[in-house]
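Which chain is which? The protein sequence lines are U and D, in order.
Take the first sequence: its letters are residues 467 to 969, numbered as in this note's numbering.
Take the second sequence: its letters are residues -17 to 304, numbered as in this note's numbering.
Some notes on the structure that comes next.
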Amino acid sequence: MAKKRTIRSIPQQRTPMAAQPADKRVRNFSEVACGYSVEDALRESERCLLCPDQPCVRGCPVNIDIPGFIKKITEKNYRGAYDVITDTNLLAAVCGRVCPQETQCEGVCTVGESLEPVAIGRLERFVGDMAIAEGWTNIPYIEPNGLRIGVVGSGPAGMACAADMAKAGCEVTVYEAFHEAGGVLKYGIPEFRLPNQVVDAEIGKLIKLGIKFECNTLVGRLFSIEQMISEMGYDAVFIGVGAGYPSFMNIPGESLNGVLSANELLTRCNLMHASDFPRHDTPLQLGRRIAVIGAGNTAMDAMRVSLRLGAKQVYCIYRRTEAEAPARAEELHHAREEGVEFHWLTNPVELLDDGNHGVRGMRCIRMELGEPDDSGRRRPLPVKGSEFEFECETVVYAIGTNANPILGQTSKLKLNKRGYIDVDENLATSIMGVFAGGDIVTGAATVIEAMGAGRKAARSIKRYLGLRDTDVVYRSEPTGSDNTLFGINIAERNYARLREVRI
Amino acid sequence: MADANKSVSFEIVGREDFSPVTYSLVIRHPLMAKAARPGQFVIVMSHKSGERIPLTIADFDREKGTITLVVQAVGKTTKEMQQTCRVGTALYAVVGPMGIPSPLGSARKVVCVGGGLGVAPIFPQARGFKENGAYVIGILGFRSKNLIFWQDKFNSCCDELMLCTDDGSAGIKGFVSDGIKRAIASHPDIDEVIAIGPPLMMKACAEVTRPHAIKTMVSLNPIMVDGTGMCGGCRVKLGDKVKFACVDGPDFDAHEVDFADLMMRLRRYAEQEKTAAQRWSENCRMKDEIEPAGTLSPTQPLSDVLSEMIDLLDPFEQVKGG
């Protein structure tokens, strides 16, 4: 770096990312945002002040050394940038796409105080995509320590925990109930936001780390958590099964055939390829007009998938206003661009039968905002006499999920009163050696929060097993990442000896 | 315990054809055989682009490490499986055992009712009750004598076995609900009735036992995708409550189940199922002209085949066994 960057010297405008135009993309499942070119990435990397305060690192749930990797991009050392990210996060291409950066790293960026914040997510994706394209993997030789870890669930929490434990020298097996690994990254997040190819590439890296994936395995029913410890020889178990169990509203008409959960719609489309019926056997029956209840990220995904499956009209029904909508601003913006019609302050009261057990429409009531509730958001209250009907053939529920009951049914795990797994501050459950994190502990959250929980659990498991944790004990200087490989300081040989093998 | 870390391939090690449309598959899966309990089901994918279909576990053998599924070829997937699933081949995916096992409880005298394809999944329950020391009355319903299967298996675990056929060609002429009436008449001390079969049959059974206030359980098998509580497609109505059959069931109190709702919901994808089946059979017919398929036994009278074909038009039949 020639001279110190200042807020005045850096490019003032955030580098835009090329995207498919709305009218074109709404007819295909290709990715909406096309990613940065090398020139875009170099330009954007110049906007980072490399400030000593580094609020972005603290804003990241897994504490990626953000200035560290951006500095490497500026130096055109892309491989180096990748190494810095993989220090803490193996899934750069995934997180660069799906993290809500505006409320995390970018939300606290120093540049963001006076200009638009550095596009950290886009830069991370740039590095992650380049790694996949170039086939970069750091294959470490990890001295096995003979300890065996079982991970239940192959979603973001499970993947993050598995990666950390494998790097620590443990033999890790990840169990997945579906026939493909990836969890919500596969069945939930649609192809146009996160291509399955990217997920598979990231899973490929974990396999190279020595992690075994066992699909078609329903833990709890095929064997119990207790059996994993007592019979199968696992020294510790991490549970990251997600919440699942979609919520409904319990209003009349919910069992009509045109009514389904966003989970069902997304799973049929993303995992089972119902958009390619009958070449793929799984069907998906959607009407011309589709009403999606809810305004979170899952709702946005369901609406945008519906449009791509040929819906003529897609309505978003939400009982509060746009300001309270939990979806990321970017997702909401994309949905609007693609033609979704938003109905704020609207709540369904009845789904109407077409006489043949299908849906002909929805009766709704207008809402107004009252006093703030427990969540701090103003409570929506129905406006008397404001009921109205509109026509639609499909109704999709995207109003959140409840705890999946399977592990509660099949183990002695202590649950909280809402049915989620009860853990202490170290994510330890009531069973010795069993840890849990992600949605099955907190309720529905984001991919990166689940990954953060997976990593936190991994630290706890290492402590529990008496493994020395470099992250904590030997925390390197923020810029000292040059000397590390997959988060293991090469100079530090006490807990895992390793040497790099280049293929 | 067997090592779960070994990659499982779901090899088919046995197959038996009971009729031109009904067949059993024996699948090697030692862990599943060990874990399976009566009343549970699996989800099967026959190939990579196939659909996930729920099938009730009809038998499991812990020593041999196998589970048995009985399938009726009613839709595209099950017809295709009838052709492709041969001994020595493997299924793409088998996951389970899913659902809450049937509580065998402390019942001293039970009636196990199976109608049509429901005969297969009622078997583990009948055997389980017998092992628990209960007096087991088996009632099996078939359309006609030559469709009867597993009579010997039921004989080995039932204290009494009653066969009902629609045409009276074996056992009593009538439906399984008539069989239940007879059982109730001769046994005033029945603790529980368990009925598995097409929804209409289960509904009829529930109506027979309702006036006698005999506890009656039915196994529901609605349309589902994951089978782990995640999609909510399998929700069923019990009184004013809504339950997910995959994780809250599949066994429910028959006197609470809203069968009309269940039957309507089973038709969710009727149109697509028809399209897929048609498309598939057209493709197959072309193949058949070159190489005739041999699933139809030459001794089978044509009228039986036709009567089975008529069944296929009943959408509710599509439930049991995909």
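Positions of the beta carbon are idealized from the N, C-alpha and C atoms, including for glycine.
I35/D: not part of any alpha helix (DSSP H); member of the beta strand (DSSP E) spanning 35 to 43, first to last residue.
Around the Cβ of D208/D, a 10 Å sphere holds 16 or more other Cβ atoms; the residue is buried. With the criterion set as a beta carbon lying under 7 Å from some beta carbon of chain U, the members of the stretch -4 to 13 of chain D are L13, in sequence order. In the three-state reduction of the DSSP assignment, M715/U falls in the coil class, being assigned neither a helical nor a strand state. The CB of Y886/U never comes closer than 8 Å to any CB in chain D; the least such distance is about 14 Å. Distance from the CA of M917/U to the CA of M199/D, rounded to the nearest whole angstrom, comes to 42 Å. Distance between V707/U and A643/U, taken at the CA atoms: about 9 Å.
Using beta-carbon distances, A195/D does not count as an interface residue toward chain U, since no partner is under 8 Å. Measuring C-alpha to C-alpha distances from K46/D to each of A40/D, T59/D, L13/D, Y74/D identifies L13/D as the nearest.
At a cut-off of 8 Å between beta-carbon atoms, T59/D makes contact with chain U. Boundaries for D489/U: no beta strand (DSSP E) harbours it, while the alpha helix (DSSP H) harbouring it runs 488 to 491, taken from the DSSP string. Contact of P79/D with chain U by beta-carbon distance below 9 Å involves L684, R687, L688. Excluding residues up to 5 positions away in sequence, V523, T554 lie with their Cβ nearer than 7 Å to the Cβ of N529/U in the same chain. Counting only Cβ-Cβ distances below 8 Å, D243/D has contacts in chain U at S721, in chain order. F495/U and F658/U have their alpha carbons spaced roughly 5 Å apart.
Non-local C-beta neighbours of D839/U in its own chain, meaning closer than 8 Å and more than five positions away in sequence, comprise R845, ordered along the chain. Closest in alpha carbon position to E796/U, among D767/U, D905/U, F592/U, is D767/U.
Taking 8 Å as the cut-off, the beta carbon of P521/U is found closer than this to the beta carbon of T576/U. By the Cβ neighbour-count rule, C500/U is exposed, with fewer than 16 other Cβ atoms within 10 Å of its own. In this structure, DSSP gives P482/U a state outside helix and strand, which the three-state scheme calls coil. Only those residues of the stretch 866 to 886 of chain U whose C-beta falls short of 8 Å from the nearest C-beta of chain D are listed: N870, P871, I872, Q875. Within the stretch 793 to 828 of chain U, the complete beta strand (DSSP E) segments of 3 residues or longer fall at 807 to 809, 812 to 819, listed in chain order.
Taking a C-beta cut-off of 8 Å against chain U, the contacting residues of the stretch 33 to 44 of chain D are E33, R34, listed in chain order.
Assigned with DSSP and collapsed to three states, D888/U falls in coil, not helix or strand. For A102/D, the enclosing alpha helix (DSSP H) covers residues 101 to 113. Judged by DSSP in its simplified three-state form, E264/D adopts helix.
For L726/U, the residues of chain D that pass the 9 Å Cβ criterion are C213, G214, G215, R250, in the order they occur in the chain. Below 8 Å, too few C-beta pairs join the stretch 100 to 109 of chain D and the stretch 25 to 35 of chain D to call them touching: fewer than three. Residues of chain D whose Cβ lies closer than 9 Å to the Cβ of Q479/U do not exist; the shortest such Cβ separation is about 43 Å. The stretch 221 to 240 of chain D makes no contact with the stretch 758 to 772 of chain U; the number of CB pairs closer than 8 Å stays below 3. For G110/D, the CB contacts under 8 Å within the same chain, skipping 5 residues up- and downstream, are R19, P20, S84, L86 in chain order.
At a cut-off of 8 Å between C-beta atoms, D233/D does not count as an interface residue with respect to chain U.
For T210/D, the neighbours in chain U by C-beta distance under 8 Å run, in chain order, A643, L684, G710, N870, I872. Within the stretch 844 to 907 of chain U, the complete alpha helix (DSSP H) runs of at least 4 residues fall at 872 to 876.
Taking 8 Å as the CB threshold, M27/D lines the interface with chain U.
The alpha carbon of G874/U has as its nearest neighbour, out of I897/U, Y781/U, E853/U, G805/U, the alpha carbon of I897/U.
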